[in-house]
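Notes follow the structure.
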Amino acid sequence: MAWKFGLSAAFTAVLLATTSIAHAAEGPVKIGVLTDMSSLYSDSGGKGSQLAAEMAVEDFGGSALGQKIQVIGADHQNKADIGANIARDWYDNGGVDVISDVPNSAVALAVQQITRDKNKIFLISAGGSSDLTGSACSPNSIHWTYDTYALAHGTGGAMVKQGGDSWFFITADYAFGHALERDTTAEVVRQGGKVLGSVNAPLGTADFSSFLLQAQASKAKVIGLANAGGDTKTSVKQAHEFGIVSGGQKLAGMLVNIDDVHALGLETAQGLIFTEGFYWDLNDETRAFAKRFFAKDGLMPSSYQAGVYSSVMHYLKAVKAVGSKDTQKVLAWMHANKVDDFFSHGGYIREDGRMVHDMYLLQAKTPAESKGEWDLYKVLKTMPGEEVYRPLKDGGCPLVKG
Numbered sequence: 360m361a362w363k364f365g366l367s368a369a370f371t372a373v374l375l376a377t378t379s380i381a382h383a384a385e386g387p388v389k390i391g392v393l394t395d396m397s398s399l400y401s402d403s404g405g406k407g408s409q410l411a412a413e414m415a416v417e418d419f420g421g422s423a424l425g426q427k428i429q430v431i432g433a434d435h436q437n438k439a440d441i442g443a444n445i446a447r448d449w450y451d452n453g454g455v456d457v458i459s460d461v462p463n464s465a466v467a468l469a470v471q472q473i474t475r476d477k478n479k480i481f482l483i484s485a486g487g488s489s490d491l492t493g494s495a496c497s498p499n500s501i502h503w504t505y506d507t508y509a510l511a512h513g514t515g516g517a518m519v520k521q522g523g524d525s526w527f528f529i530t531a532d533y534a535f536g537h538a539l540e541r542d543t544t545a546e547v548v549r550q551g552g553k554v555l556g557s558v559n560a561p562l563g564t565a566d567f568s569s570f571l572l573q574a575q576a577s578k579a580k581v582i583g584l585a586n587a588g589g590d591t592k593t594s595v596k597q598a599h600e601f602g603i604v605s606g607g608q609k610l611a612g613m614l615v616n617i618d619d620v621h622a623l624g625l626e627t628a629q630g631l632i633f634t635e636g637f638y639w640d641l642n643d644e645t646r647a648f649a650k651r652f653f654a655k656d657g658l659m660p661s662s663y664q665a666g667v668y669s670s671v672m673h674y675l676k677a678v679k680a681v682g683s684k685d686t687q688k689v690l691a692w693m694h695a696n697k698v699d700d701f702f703s704h705g706g707y708i709r710e711d712g713r714m715v716h717d718m719y720l721l722q723a724k725t726p727a728e729s730k731g732e733w734d735l736y737k738v739l740k741t742m743p744g745e746e747v748y749r750p751l752k753d754g755g756c757p758l759v760k761g
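Laid out in C-alpha cells, this is it:
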C-alpha cells in the first residue's frame, strides 16, 4: 500500500510539474485595452477602461495559470489604420491574448478582422455598430455592452411613442454614426414615424451651427444625434444656445454616457432621453462597484468601462475553468456559461457574438430632481435583452445556422 501511495504521489508531482511547464510555455495571460486615450471618447473609455480591466484582474486574484496577469493599454487615436497596426503588433509580438474596449466602430471592425485572422479574442465594449454581430460577425468576438440596434429600439421607439413622429438626423460621418442612423430610421418607420432628412458631421466637429440650422429648418419634432462622446456634448450644448429645445423641437441623444451628462450639467441636459446598458446607481451592486471605481478614478464609471470589467472578468473565469488560454476552449466556455455580476445577471452570449442583457431607458433629471453631483438619471424602463436586441435571425451573420 505504501508503494502504491508513493507511486501515486510521484505521478501527481510529475503531472503538476508537467502542467506548470505547459502553462509557462503558454506565457502569462495578457490583456490589451485598445481605446481612445486623448480625444472625444477618452472620458467614456480611455484610462478609465484600462482601470476597469485592472480592477477585474485584481478582483480575480491577479494571476491565472500560475502566472501574473498583465494589462496594457494603447491609444488608437480614432484611426482604423493605427488601431489595426497596434492590434497586429500586440498579437504578433506582444503576447496579447485578448483585446478589450475599442470605441469607434471603424477601428473595431478593423480589429475584429485581425483578431479573427490571428485566432485571438476580441471583447467589444465601446464599439457600437450592430454590423459587428451582423454582416461582419466573427466567431472570435463578443459584443458586450450595447449596439446601435438596441439604442435605436430603445430611444427611437420611445420618442415616437411620445409623439416624436418626424425626425432629422445629425450623424457622425463614420461607421458608427451611419449604423446608428440606419437602425434608428428603421425603428422610427416601423413605429409609424418618418425621417425628413439628415446631415453628416465630421468626427470631432467643433462647430455644429450649420448642421443644427438645417435640423431646425426641417421642423422635425425630433433631432436625432447619431453621434457620441465629445460630439454629443458639443451638439447638445450648441442646440441649447440656438434655442432649439426652447423652440419646441426635442433632442434624442442616441448614445449618451454618464460623463456626457455630467459635463453638460443638468441645466443643459435635463429631459434628454437615451438608452444605456449600465448606470452606476441602479442597485447596491452597481453602487458598490462605482464607489470603488470613483475612489481610483475620480469619476463614476461609464457603461463602456463597466462593460470592460464584466467582459474581462468573464474571460478570466473561462481561462481558469478550462485551464488554458486556448482560444476556442475559452470561447466555448464563455458561450456556455451565463454572465453573473453587477453588470448582468443571466446575460448570455449568442452564436453571432451578441451578449444579451437588460438595457435601460433613461432620462436626464432636472436640477431640482438631483440630490448630488452624480445623481443624474431617472430610470424610465428596464428593457429585457430579448426585446431590445436584434433578433438572431435578422442580423445576417453568416455564423447563424438556419
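Add 359 to the 1-based position in the sequence shown for our numbering, that's all there is to it.
Backbone N, C-alpha and C define an ideal beta-carbon position, used for all residues, glycine too.
When the Cα of residue i is compared with those of the options, which residue comes out closest?
i    : options                   : result
D656 : K389, S401, G386 and L393 : S401
I828 : V678, Y736 and K760       : Nothing about residue 828 can be reported from this structure: the residues present for the chain run from 360 to 761 only.
H694 : D542, L393, P498 and D490 : P498
K724 : T507, A495, Q629 and G556 : Q629
G432 : V461, S594 and V698       : V461
P743 : M718, V759, L751 and G754 : M718
T593 : K580, G563 and A574       : G563
S525 : T504, A415, V681 and V547 : V547
D699 : Q722, L720, K684 and G666 : G666
G523 : G454, Q597, T543 and A534 : T543
S459 : L482, T634, G583 and A611 : L482
D734 : K752, M672 and R646       : R646
K578 : G588, L584, L555 and D590 : L555
K389 : G454, H621, N642 and S703 : G454
F701 : K650, L720 and A691       : K650
G606 : L572, L584, G513 and Y707 : L572
A412 : A423, S398 and V392       : V392
A560 : T591, L720 and G552       : T591
P757 : V681, Q608 and C496       : C496
Over what stretch of residues does the alpha helix (DSSP H) that includes residue i continue unbroken?
i    : result
V466 : S464 to K477
I617 : I617 to L623
H673 : S662 to V681
K737 : Segment Y736 to M742 is the beta strand (DSSP E) holding K737; no alpha helix (DSSP H) there.
E540 : A534 to R549
K406 : G405 to F419
L641 : Neither: L641 is in no alpha helix (DSSP H) and is coded neither H nor E.
L690 : T686 to A695
M659 : No alpha helix (DSSP H) holds M659; DSSP gives it neither H nor E.
Y450 : A439 to N452
G516 : G516 to K520
From residue i to residue j, what does the alpha carbon distance come to, in whole angstroms?
i    : j    : result
D619 : E385 : 41 Å
S464 : G425 : 35 Å
T686 : D566 : 45 Å
Q550 : N452 : 50 Å
S669 : A576 : 44 Å
S661 : K688 : 30 Å
L631 : L539 : 17 Å
V747 : G515 : 11 Å
D456 : Y508 : 29 Å
S683 : E745 : 32 Å
K760 : L625 : 47 Å
H435 : F535 : 16 Å
K520 : V738 : 17 Å
D418 : A574 : 47 Å
D675 : H512 : Checking the displayed sequence, the identity of residue 675 turns out to be Leu instead of Asp. Rounded to whole angstroms, L675 to H512 spans 32 Å at the Cα level.
G405 : M396 : 4 Å
Y450 : E635 : 31 Å
F601 : V595 : 10 Å
R749 : V671 : 24 Å
For residue i, report the span of its beta strand (DSSP E) as first-last.
i    : result
D434 : Q429 to D434
G705 : H704 to I708
T492 : That residue, T492, is in no beta strand (DSSP E); it is neither H nor E in DSSP.
D460 : V457 to D460
Y719 : M718 to A723
K553 : K553 to A560
L510 : Element bounds for L510: not the beta strand (DSSP E) but the alpha helix (DSSP H), T507 to L510.
V759 : Unbroken run through V759: none, as it is neither H nor E.
S729 : No beta strand (DSSP E) contains S729, which DSSP labels as neither H nor E.
A531 : S525 to A531
A611 : K609 to G612
G391 : K389 to T394
S500 : S500 to H502
F481 : I480 to I483
Checklist entry - Are the stretch 720-733 and the stretch 466-474 touching, with three or more C-beta to C-beta distances below 8 Å? => result Output reads no: the stretch 466-474 does not touch the stretch 720-733.
Checklist entry - With contact counted as at least three CB pairs below 8 Å, one residue from each stretch, are the stretch 485-505 and the stretch 524-532 in contact? => result At 8 Å Cβ cutoff, the stretches do not touch.
Checklist entry - Hey, is the stretch 481-497 in contact with the stretch 706-718, meaning 3+ C-beta pairs nearer than 8 Å? => result Segments in contact, yes.
Checklist entry - Which whole runs of the beta strand (DSSP E) in the stretch 562-604 are 3 residues long or more, in chain order? => result Correct list: 581-585.
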